[in-house]
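Chemist: Residue numbers (the working numbering): 703 to 990.
No residue lacks a Cβ here, since even glycine has one placed at the ideal position from N, Cα and C.
All figures in this text were calculated on a predicted structure; none of them were measured in a lab.
Got a structure here, written out as structure tokens. Questions coming.
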């Protein structure tokens, strides 16, 4: 795993904790002298890690992308560089990170009791995703859930209603996403549009009479993942779970050649480590 511009205590603490947990052998890309200095400040002797010297933000992302091309890095972790520089380097066609699939961000929201997580996409990368992008998000989450051990994932495509209303485009598009995803992946159930309560609350689904042996009936009240209509809805949803319900947000960008982790300065250490776990799962081959 390449930590891109791995300076600063937060990034290095994450790398150190990953080594201790046996999650990764970090490649610390950035100014070598500064990395060594910052590592010493947190009392880490850099055992289990390798420093790859690179100068500046552009130099760090370019070097990290080369490590992926060489097969030395199985993923990319954003360190102390601007997000636009980090993602800009990745989305360039010449980088080799892009594939024919669209890049989508997925959060795995883990409740305080450590129970079943809920996946959310896209709350971080795609601002106003069209039907094709939301379909990609649904399919990526279905594949990730199977890697997480859920044999037949249930994905809800969210709107503010379960009815298709011309005045509410997200409801019409929610149905389109569910149909397109279901046609592309017969090993999961996709339903939309659904409001959030109908997606996750069995009681709400029962009261509304959304039951039965069909995709909508199987998903309603039991969704493993939700596709949000836009980044605002996703951002509000995941932060509400974090700050009001005490949930933990592990995040990863999927659709590229390798998993990509976008860290935030406000992420607690546990969330950073959980994101590495999620990326490791995402990088596994899906079992047939």
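Give a yes or no on whether the C-beta atoms belonging to residue 857 and residue 843 are separated by under 7 Å.
Modeler: The residue labelled residue 857 in the question sits at position 155 within the chain shown. The residue labelled residue 843 in the question sits at position 141 within the chain shown. Contact: yes.
Chemist: Enumerate in chain order the residues of its own chain whose CB-to-CB distance from residue 882 is below 6 Å, with the five nearest sequence positions on each side excluded.
Modeler: As a working mapping, residue 882 is identified with position 180 in the chain shown. So the list reads 837, once near-sequence residues are dropped.
Chemist: When DSSP labels each residue in this structure, what does residue 740 get in the three-state scheme?
Modeler: If you number the chain shown from 1, residue 740 lands on position 38. DSSP places residue 740 in helix when its eight states are reduced to three.
Chemist: Would you say residue 784 and residue 955 are within 7 Å of each other, going by their C-beta atoms?
Modeler: The residue labelled residue 784 in the question sits at position 82 within the chain shown. The residue labelled residue 955 in the question sits at position 253 within the chain shown. Cβ atoms of residue 784 and residue 955: not closer than 7 Å.
Chemist: Check whether the Cβ atoms of residue 726 and residue 720 lie closer than 7 Å to each other.
Modeler: Here residue 726 refers to the residue found at position 24 when the chain shown is read from its first residue. Here residue 720 refers to the residue found at position 18 when the chain shown is read from its first residue. For residue 726 and residue 720, yes; Cβs fall inside 7 Å.
Chemist: Using CA coordinates, which residue listed in 952, 787, 788 is at the minimum distance from residue 816?
Modeler: Within the chain shown, numbered from 1, the residue matching residue 816 stands at position 114. It is 952.
Chemist: Name the residue from 900, 724, 758 whose alpha carbon lies nearest to the alpha carbon of residue 708.
Modeler: As a working mapping, residue 708 is identified with position 6 in the chain shown. Answer by Cα proximity: 758.
Chemist: Between residue 973 and residue 950, how many whole angstroms is the CB-CB distance? I'm expecting something under 8 Å.
Modeler: Within the chain shown, residue 973 is the residue found at index 271, counting from 1. Within the chain shown, residue 950 is the residue found at index 248, counting from 1. Right, the Cβ-Cβ distance comes to about 6 Å (below 8 Å), so this counts as a contact.
Chemist: Is it true that the stretch 704-718 meets the stretch 736-746, where meeting means three or more beta-carbon pairs spaced less than 8 Å apart?
Modeler: Yes, since at least three Cβ pairs between the stretch 704-718 and the stretch 736-746 fall closer than 8 Å, the two stretches touch.
Chemist: Quick check on residue 915: does DSSP put it in helix, strand or coil?
Modeler: Stepping through the chain shown from its first residue, residue 915 is reached at position 213. Reduced to three states, the DSSP call for residue 915 is coil.
Chemist: Near residue 1070, what residues of its chain come up, given a Cβ to Cβ distance below 6 Å and the 5 sequence neighbours on each side ignored?
Modeler: The question about residue 1070 has no answer, for the chain in this structure spans 703 to 990.
Chemist: Could you tell me whether the stretch 907-918 touches the stretch 867-874, using the rule of 3 or more Cβ pairs below 8 Å?
Modeler: Flag = no, the stretch 907-918 and the stretch 867-874 do not touch.
Chemist: Which residue from 937, 750, 892, 942 puts its Cα closest to that of residue 924?
Modeler: What you label residue 924 is simply residue 222 of the chain shown in a count that begins at 1. Of the candidates 937, 750, 892, 942, the one whose C-alpha sits nearest the C-alpha of residue 924 is 892.
Chemist: At 4 residues or longer, what runs of the alpha helix (DSSP H) sit wholly inside the stretch 720-794?
Modeler: For the stretch 720-794, whole alpha helix (DSSP H) runs of length 4 or above, ordered along the chain, are 734-743, 758-771, 785-793.
Chemist: Under the assumption that residue 703 contacts residue 779 (Cβ atoms under 8 Å), give the Cβ distance between them as a whole number of angstroms.
Modeler: On the chain shown, position 1 is the one that residue 703 refers to. On the chain shown, position 77 is the one that residue 779 refers to. Rounded, the Cβ-Cβ distance is 6 Å, consistent with contact.
Chemist: Is any beta-carbon of chain D found at less than 7 Å from that of residue 743?
Modeler: Checking the listed chains, one finds no chain D in this structure; it contains a single protein chain.
Chemist: Return the CA-CA distance between residue 958 and residue 754, expressed in angstroms with no decimal places.
Modeler: Taking the chain shown and counting its residues from 1, one reaches residue 958 at position 256. Taking the chain shown and counting its residues from 1, one reaches residue 754 at position 52. Each residue's alpha carbon lies about 23 Å from the other.
Chemist: Leaving aside the five residues before and after residue 748 along the sequence, list all residues of the same chain whose C-beta is less than 6 Å from its C-beta, in chain order.
Modeler: The residue given as residue 748 occupies position 46 in the chain shown. 741, listed in sequence order.
Chemist: If you draw a straight line from the C-alpha of residue 752 to the C-alpha of residue 820, how long is it?
Modeler: Position 50 of the chain shown holds residue 752. Position 118 of the chain shown holds residue 820. For residue 752 and residue 820, the distance between alpha carbons rounds to 34 Å.
Chemist: Would you mind stating whether residue 825 and residue 855 have Cβ atoms separated by less than 7 Å?
Modeler: Translated into positions along the chain shown, residue 825 becomes position 123. Translated into positions along the chain shown, residue 855 becomes position 153. No.
Chemist: Can you give me the start and stop residues for the beta strand (DSSP E) that residue 891 sits inside?
Modeler: Within the chain shown, residue 891 is the residue found at index 189, counting from 1. Element bounds for residue 891: 891-896.
Chemist: When the Cβ atoms of the stretch 757-773 are set against those of the stretch 793-813, are three or more pairs found closer than 8 Å?
Modeler: Taking 8 Å as the limit for Cβ pairs, the verdict is that the stretch 793-813 does touch the stretch 757-773.
Chemist: When the Cα atoms are used, what is the spatial distance from residue 917 to residue 738?
Modeler: Counted from its first residue, the chain shown places residue 917 at position 215. Counted from its first residue, the chain shown places residue 738 at position 36. Rounded to whole angstroms, residue 917 to residue 738 spans 54 Å at the Cα level.
Chemist: If you reduce the DSSP assignment to three classes, tell me which class residue 989 lands in.
Modeler: The count along the chain shown starts at 1 and reaches residue 989 at position 287. With a pLDDT of only 47 at residue 989, under 50, the local geometry of the prediction cannot be trusted, and no value is derived from it.
Chemist: If you run the structure through DSSP and keep just helix, strand and coil, what is residue 829?
Modeler: Locating residue 829 in the chain shown gives position 127, where the first residue counts as 1. Residue 829 falls in the coil class under three-state DSSP.
Chemist: Near residue 989, what residues of its chain come up, given a Cβ to Cβ distance below 7 Å and the 5 sequence neighbours on each side ignored?
Modeler: Here the question's residue 989 lines up with position 287 in the chain shown. Reliability fails at residue 989, whose pLDDT of 47 lies under 50, so the model's placement of it is uncertain and the value that follows must be treated cautiously. Excluding residues within five positions, none has a Cβ falling inside 7 Å.
Chemist: Which residues in the same chain have their Cβ closer than 6 Å to the Cβ of residue 814, if we skip the five residues on either side of it in sequence?
Modeler: By 1-based counting over the chain shown, the position of residue 814 is 112. Closer than 6 Å at Cβ, skipping near neighbours: 948.
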